Amino acid sequence: IIKNNIINLGGKMKYCKKCLMPDTRPGISFNKEGVCSACQNHEKRKKINWEERWEELKKLCDKYRGINGEGEYDCAIAISGGKDSHYQVYLMKEVLKMNPILFSVEDNFTMTEAGKHNIKNISEAFGCNIVSLKPDIKSQKILMRKTFEKYGKPTWFIDRLIYTFPLRMALKFNTMLLIYGENVSYEYGGSDAKETYSAREILKNGVASDIPTDELLGEGITEKELYLTKAPSTKEIEKLDPIYISYFVPWNGIQNYNIAKRYGFTDLTHEWNRTHHVENFNQIDSYGYLFNGWMKYPKFGHAHATDHASRFVREGIWTRDYAIEKVKLAEPNPDIKMLEDFRKFVGYTPNEFYTILDKWYNRELFFKNDLGEWELKEPIWKEKK
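Read left to right, the sequence shown gives residues 280 to 664 (this note's numbering).
Right, dumping it as structure tokens:
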């Protein structure tokens with residue numbers, strides 16, 4: 280429930296007994312033992328016959344292999360250039376011997392050196408063509424203001440394109456097999472947490488849910504500027520066979536990272552020590568884009584640090600206690616490069632930007648301390664043992 284820019288989540292925060300995820304994450308659920316749905320789904324992996332799933336994937340590839348003729352593309356992969364993108368291309372081209380075309384969306388923020396390198400590297404390392412959309416910057420700035428101020432979703436325009444553009448392009452190139460990485464809702468907890476290989480419902484995962492057009496029009500925004508944010512019709516999407524790779528292989532970010540490095544992927548080591556992260560290899564392409572993900576912190580009391588630390592705990596890389604200490608140092612400290620890159624790109628004065636941001640802190644979850652800083656009332660590092 281949103282009222283006066285404050286989201287009512289019912290007050291107290293309850294944390295998963297296995298990882299660090301709070302019950303304020305939209306769409307997540309807990310069982311009677313206090314374990315979140317993401318941890319429950321991760322545990323179910325132990326009962327999956329991954330050899331059978333791999334054979335399913337091979338049969339699916341055989342169905343589409345060479346479908347457009349010899350030398351033509353027979354599948355498409357939605358990429359950003361990151362470690363998971365490298366892994367997906369490695370899997371489809373090097374292992375399964377498909378001929379993919381890659382679709383990406385630029386976010387128009389200041390790129391990191393690693394980001395510049397990685398998007399080029401994925402093409403050079405695997406010999407793939409990339410069709411990239413550079414969105415209308417004028418409209419992007421207007422829409423970012425609108426969605427930040429009204430919905431607390433500063434990069435909705437880019438996130439929406441990241442999902443709709445590959446769908447549209449796959450139809451144009453007749454690459455019906457469209458590859459995505461993980462099923463976000465199922466792997467990490469969300470309202471659309473169904474175990475399925477099909478990504479036809481990907482727009483319902485909460486990351487880039489539709490916003491009514493009439494709420495976005497005005498200030499130079501017409502239907503024309505919003506055209507690419509519209510998904511293809513249901514009839515058109517039914518022609519596609521979009522899939523989640525995470526259904527067919529045990530998805531593991533560290534494994535993906537290690538494979539990506541073998542093919543030339545570069546992380547942020549020696550370039551940017553992000554204060555609000557607990558690692559240096561996830562979402563490293565640009566500065567300002569990360570602001571949207573961090574906005575979960577003032578709204579829901581958790582963000583990047585909790586997300587990734589929880590994954591490390593599920594994968595047995597970190598203990599829960601160690602992860603809590605890492606999150607305690609990172610989560611409350613948004614990186615200034617991230618904040619300033621977003622602010623300057625959109626065109627806010629410092630006072631305008633921080634005044635708007637201040638409104639998004641959930642008063643049921645946060646209080647202001649004597650220094651005027653927002654503090655969580657019930658952070659995980661103060662939970663009772």
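All residues carry an ideal CB built from backbone N, CA and C; glycine is no exception.
Nothing here was measured: the structure is a model prediction, and the numbers come from that model.
Helix, strand or coil at residue i according to DSSP, with G and I counted as helix
| i | result |
| --- | --- |
| Met390 | strand |
| Ile516 | helix |
| Ala582 | coil |
| Ile281 | The predicted position of Ile281 is uncertain, since its pLDDT is 40 and thus under 50; no value can be drawn from it. |
| Trp530 | coil |
| Leu375 | coil |
| Phe544 | coil |
| Ser488 | coil |
| Ile538 | helix |
| Thr621 | First, the amino acid is wrong: residue 621 is Phe here, not Thr. The answer is helix: DSSP assigns Phe621 an H, G or I state. |
| Cys407 | coil |
| Ile596 | coil |
| Tyr467 | helix |
| Ile603 | helix |
| Phe560 | coil |
| Pro629 | helix |
| Arg590 | helix |
| Asn287 | At Asn287, the pLDDT of 44 sits below 50, so the modelled position is not reliable; the number obtained from the coordinates is stated separately. Asn287: coil per DSSP, three-state reduction. |
| Ile659 | helix |
| Ile615 | helix |
| Ala609 | helix |
| Gly572 | helix |
| Asn641 | coil |
| Thr554 | coil |
| Lys399 | helix |
Host beta strand (DSSP E) of residue i (start-end)
| i | result |
| --- | --- |
| Gln384 | With the sequence shown as reference, residue 384 is identified as Val, and Gln is not the correct amino acid for it. That run of the beta strand (DSSP E) goes Pro379 to Val384. |
| Leu456 | Leu456 to Tyr459 |
| Cys354 | Cys354 to Ala357 |
Beta-carbon proximity list for residue i, same chain, < 7 Å, skipping 5 on both sides
| i | result |
| --- | --- |
| Met377 | Cys340, Arg344, Asp353, Cys354 and Met371 |
| Asp546 | Ala393, Asn559, Phe560 and Ile563 |
| Ser316 | Ile307, Ser308, Gly468 and Ala472 |
| Ile285 | Only weak support exists for where Ile285 lies, its pLDDT of 41 falling under 50; the value from the coordinates is given anyway. Only Asn641 and Arg642 meet the Cβ criterion. |
| Lys656 | Leu644, Phe645 and Phe646 |
| Asp415 | Glu504 |
| Trp597 | Ala588 and Phe591 |
| Asn453 | Asn347 |
Closest Cα partner of residue i within the set the options
| i | options | result |
| --- | --- | --- |
| Lys395 | Ala602, Ser565, Leu608 and Lys623 | Ser565 |
| Ser418 | Asn408, Leu496, Trp551 and Phe405 | Leu496 |
| Glu594 | Phe646, Met617 and Gly532 | Gly532 |
| Ile516 | Tyr536, Val592 and Ile481 | Ile481 |
| Leu456 | Ala357, Ile615, His321 and Lys311 | Ala357 |
| Ser464 | Ile416, Leu507 and Ser477 | Ser477 |
| Cys407 | Val314, Gln367 and Ile416 | Gln367 |
| Lys420 | Phe436, Val410 and Pro491 | Phe436 |
| Glu312 | Pro445, Pro511, Cys298 and Pro305 | Cys298 |
| Asn535 | Glu428, Lys362, Lys296 and Ala582 | Lys362 |
| Leu381 | Thr628, Gly651, Glu474 and Lys399 | Lys399 |
| Phe591 | Val557, Ile615, Leu569 and Arg424 | Val557 |
| Pro577 | Arg541, Trp639, Asp614 and Lys607 | Trp639 |
| Asp614 | Trp573, Asn537, Lys429 and Glu428 | Trp573 |
| Met390 | Glu502, Asp637, Leu569 and Glu331 | Leu569 |
| Lys425 | Glu652, Glu351, Glu494 and Ile327 | Glu494 |
| Lys413 | Leu507, Pro379 and Ser402 | Leu507 |
| Glu522 | Ile458, Ala584 and Ser512 | In the sequence as presented, Glu is not what sits at residue 522; that position holds Ile. Nearest C-alpha to Ile522: Ile458. |
Opening and closing residue of the alpha helix (DSSP H) in which residue i lies
| i | result |
| --- | --- |
| Lys425 | Ile416 to Tyr430 |
| Ser318 | Note that residue 318 is Cys in the sequence shown here, rather than Ser. Cys318 -> alpha helix (DSSP H) spans Ser316 to Lys323. |
| Ser565 | Segment: none, Ser565 is in no alpha helix (DSSP H) and carries neither H nor E. |
| Asp438 | Trp435 to Phe452 |
| Glu330 | Trp329 to Tyr343 |
| Tyr366 | Lys362 to Val368 |
Own chain residues within Cβ distance below 6 Å of residue i, not counting five before or after
| i | result |
| --- | --- |
| Asn283 | With a pLDDT of 38 at Asn283, under the threshold of 50, the modelled position of that residue is not reliable, and no figure is offered here. |
| Gly567 | Phe388, Asp620, Phe621 and Phe624 |
| His321 | Arg593 |
| Leu336 | Phe527 |
| Lys293 | Asp302 |
| Ile441 | Val384 |
| Asp520 | Met455 and Leu456 |
Residue i CB to nearest heavy atom of the ligand FMN below 8 Å
| i | result |
| --- | --- |
| Tyr526 | In terms of ligand content, the structure shown is empty, and the ligand FMN therefore cannot be addressed. |
Those residues which DSSP pairs with residue i across a bridge
| i | result |
| --- | --- |
| Glu654 | Phe646 |
| Leu412 | Val384 |
| Ile500 | Gly497 |
| Tyr294 | Pro301 |
| Pro577 | Answer by DSSP bridge pairing: none, since Pro577 is not bridged. |
| Ile522 | Ile458 and Ser477 |
| Phe309 | Cys315 |
Cut-off 8 Å between Cβ atoms - residues of its own chain near residue i, not counting five sequence neighbours on either side
| i | result |
| --- | --- |
| Trp530 | Gly460, Glu461, Glu466 and Ile524 |
| Asp438 | Lys432, Val486, Ala487 and Asn571 |
| Glu662 | Tyr294 |
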